[in-house]
Structures are given as structure tokens and as C-alpha cells.
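Residue numbers (our numbering): 8 to 342.
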């Protein structure tokens with residue numbers, strides 16, 4: 008049996024990367040880049056490569072292995088990034104286009120029985136902010152997000168471009184918490200989910216009743232921002248869609264909830280640009296636990312072996328977090 012006829016999910020991580028590498032090479036060349044180096048820097052929800060060409064120039068190539076993006080969403084994503092670059096001071100990647108002027112390329116990929124979409128951009132200088140952001144960096148994240156929201160409140164994509172609606176607990180993902188993939192979930196965990204999920208849905212329904220949707224980044228966490236020369240750059244707009252500004256803030260806060268100063272600094276930065284956005288504490292806590300549920304939902308169907316191996320551990324952590332939420336009404340990154 009050839010490797011290309013096997014199910015992608017049954018392959019080892021090394022085997023998956025081996026069959027993806029030729030796709031990464033072909034995608035790079037479609038954008039006019041002749042790679043001398045293709046280094047995988049992330050193989051999770053999507054697969055990202057650091058690409059160096061014959062001149063020494065460096066690029067970021069994203070293969071949408073699990074992305075929910077359709078063509079309309081890809082055009083919207085690229086249009087927003089371009090608009091931000093042209094009309095704001097927000098630092099975003101410089102996108103590459105094919106000879107046909109397209110912001111993405113589609114390549115058949117037999118191991119997953121699908122067509123993979125690839126996007127490419129010039130490499131952003133600096134370092135990913137990561138797990139230990141300073142107060143200054145967190146404040147910058149808040150201010151930058153507010154600038155994104157200020158821009159997107161008045162901006163919409165044109166022509167055939169259209170963002171998906173993400174203003175709901177699972178954003179635009181399918182519900183995997185009740186399907187075949189849910190065999191991982193214990194009886195105790197199921198009871199907690201059945202208690203908490205309706206509360207998350209109620210909060211979203213209440214927010215949607217009085218808040219207009221607008222483009223949001225949807226995944227602006229501390230690993231999707233770069234720091235260079237005392238400035239912040241934002242990348243990975245793959246989850247961008249029509250959502251709620253407070254939803255965007257909660258997504259960012261989820262990843263820094265265990266950093267004592269992070270929430271105050273994030274809000275200070277955000278309110279320095281947009282002081283109008285406020286939220287009741289109980290609403291924010293519910294949005295935070297909802298983010299954890301979404302991550303579980305998406306994790307259950309990933310084919311990356313390393314991510315699949317993490318499912319039992321994440322379930323253990325989420326059970327602690329769900330129980331804490333039921334007991335206290337608050338969210339904590341319990342481990």
C-alpha cells in the first residue's frame with residue numbers, strides 16, 4: 008500500500024510531514040518563491056513553514072490542513088489584511104500573490120482526500136510574544152486589538168469575499184462534542200458540558216441581541232503576535248470572521264488568565280483606544296469557559312498525532328475548569 012493511499016490520521020507525525028513537504032514546495036513556487044529551505048514551525052490545526060528562497064529572503068507559508076476557510080473567506084481575510092496595512096498603523100504580514108493575482112493556491116492532497124489551500128506572506132521580523140508577555144506587551148495587544156475593532160466597525164470585504172459568522176460558542180466549527188469524536192468524553196465530563204454549554208449559549212444570545220457583528224481576528228493570542236523594536240505585529244487571521252468585539256477580547260484573555268497583571272493591562276491598552284467596550288464580570292467568565300469548550304471541540308478531530316495524544320490531558324484539565332466554573336461562576340486555567 009502506498010503512503011498516499013493511507014489515511015492521513017493513521018500516519019506518524021514524521022510521515023505526515025513527509026507527504027506535506029512536496030505540497031509546501033509546490034505551493035511556494037506557485038507564489039514565485041524558489042525554496043532552498045522549508046522548515047516546519049507548526050503542525051497543529053494548520054501546518055506552517057518558514058521558507059527561505061535563493062536570495063535569502065524569508066517567508067511564512069500556511070497549509071490549511073484543518074482550516075474551515077472557503078474561497079470567499081480567504082478573499083475576505085486577504086482583503087482585511089491589505090486594508091489594515093494600507094489604512095492603519097497595525098503591523099500585519101505582507102501577503103504574496105500568484106502570477107494569476109490570487110492570494111491563495113489550491114493543490115490536491117491525496118492523503119487527506121481533499122484539496123489543500125496555501126497562503127504565503129513575507130516573514131515578520133522579531134519574536135513571538137509567547138508565554139511570558141511583559142506588562143508593556145500585553146497593553147500593546149489590547150491597544151492593537153482596539154485599533155482592529157475600530158477599523159473593522161466601518162469596513163467590509165467586497166466582491167466575492169465574505170467572512171463566516173463566528174458570533175456563537177463554537178464559532179463556525181461543527182459540533183464534535185456530541186458526534187463520533189466524542190467517545191473520549193467521560194460521563195462526568197458529559198454532565199459538566201451539559202450544564203455549562205447552555206449557559207454559554209445564553210450569554211452569546213444576549214450579546215447578539217444588542218451587539219452588531221463585525222470582523223474580528225478570532226485568535227489573537229500571545230502566540231499569534233510578534234514583538235519587534237517595541238512594536239507589535241499581528242498574524243494568523245485564519246479564524247477571522249464576523250463576530251463580537253468582546254468575544255475577541257475574551258479569546259485573548261483566555262491564554263493569559265494565569266498571569267496576574269494581564270487582564271488589567273489588556274483592558275488598559277484596549278480602553279486607551281476604545282473606552283466604550285465594557286462587560287459584566289459574569290459574562291466575561293462565561294465567554295472564557297466557552298473558549299475552552301471550543302478548543303476541546305476542535306481538538307477532538309485533529310489528525311496531528313501530537314495533538315491527538317494531548318486529548319486525554321486536555322480533557323482532564325477541562326473537567327477541572329468546568330467544575331470550577333460550575334462551583335464558582337469563574338474561570339481559571341487549572342492544570
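Don't be surprised by glycine CBs; every beta carbon is placed ideally from N, CA and C.
Note that the coordinates shown come from a computational prediction; the quantities given were computed from them, not determined experimentally.
Query: With a cut-off of 8 Å, do at least 3 Cβ pairs link the region 42-60 to the region 90-102?; Result: no
Query: Name the DSSP bridge partner or partners of residue 102?; Result: 128
Query: Can you grab the Cα-Cα spacing for the pair residue 164 / residue 85, in whole Å?; Result: 9 Å
Query: Compute the beta-carbon to beta-carbon distance between residue 7 and residue 321, rounded to the nearest angstrom, for a pair I have assumed lies under 8 Å.; Result: In the structure displayed, the chain extends from 8 to 342; residue 7 sits before or after that span and is not available.
Query: So the candidates are 294, 25, 238, 174; which of them puts its Cα closest to the Cα of residue 148?; Result: 238
Query: Give every residue of the same chain whose Cβ lies closer than 7 Å to the Cβ of residue 30, excluding the five residues on either side of it in the sequence, and list them in chain order.; Result: 70, 114, 116, 123
Query: Are the region 225-234 and the region 130-142 touching by the rule of at least three beta carbon pairs closer than 8 Å?; Result: yes
Query: Taking residue 220 as the reference, give the member of 234, 54, 254, 79 with the closest Cα.; Result: 254
Query: Applying the 10 Å Cβ sphere with the 16-neighbour rule, what's the burial state of residue 279?; Result: exposed
Query: Scan the region 201-265 and note each continuous beta strand (DSSP E) run of 3 residues or more that stays entirely inside, going in chain order.; Result: 221-223, 232-235, 238-241, 248-250
Query: Are the Cβ atoms of residue 261 and residue 299 separated by less than 8 Å?; Result: yes
Query: Three or more C-beta pairs closer than 8 Å, one from the region 279-293 and one from the region 144-161: is that the case here?; Result: yes
Query: Once DSSP output is grouped into helix, strand and coil, what is the label at residue 171?; Result: coil
Query: Count the other C-beta atoms from every protein chain shown that fall within 10 angstroms of the C-beta of residue 41, then say buried if there are 16 or more, exposed otherwise.; Result: exposed
Query: Cα separation between residue 11 and residue 340?; Result: Legend: pLDDT at residue 11 = 39, less than 50; position of this residue unreliable, no value from coordinates given.
Query: Can at least three beta-carbon pairs, one atom from the region 68-82 and one from the region 38-53, be found at a separation below 8 Å?; Result: yes
Query: Which stretch, first to last residue, makes up the alpha helix (DSSP H) that contains residue 322?; Result: 312-335
Query: Check the C-beta distance from residue 129 over to residue 100 and give it rounded, since I have them as a contact under 8 Å.; Result: 6 Å
Query: Please report the distance separating the alpha-carbon of residue 162 from that of residue 196.; Result: 41 Å
Query: Would you list the residues sitting across from residue 338 in a DSSP beta bridge?; Result: In the DSSP output, where bridge partners are listed per residue, residue 338 has none listed.
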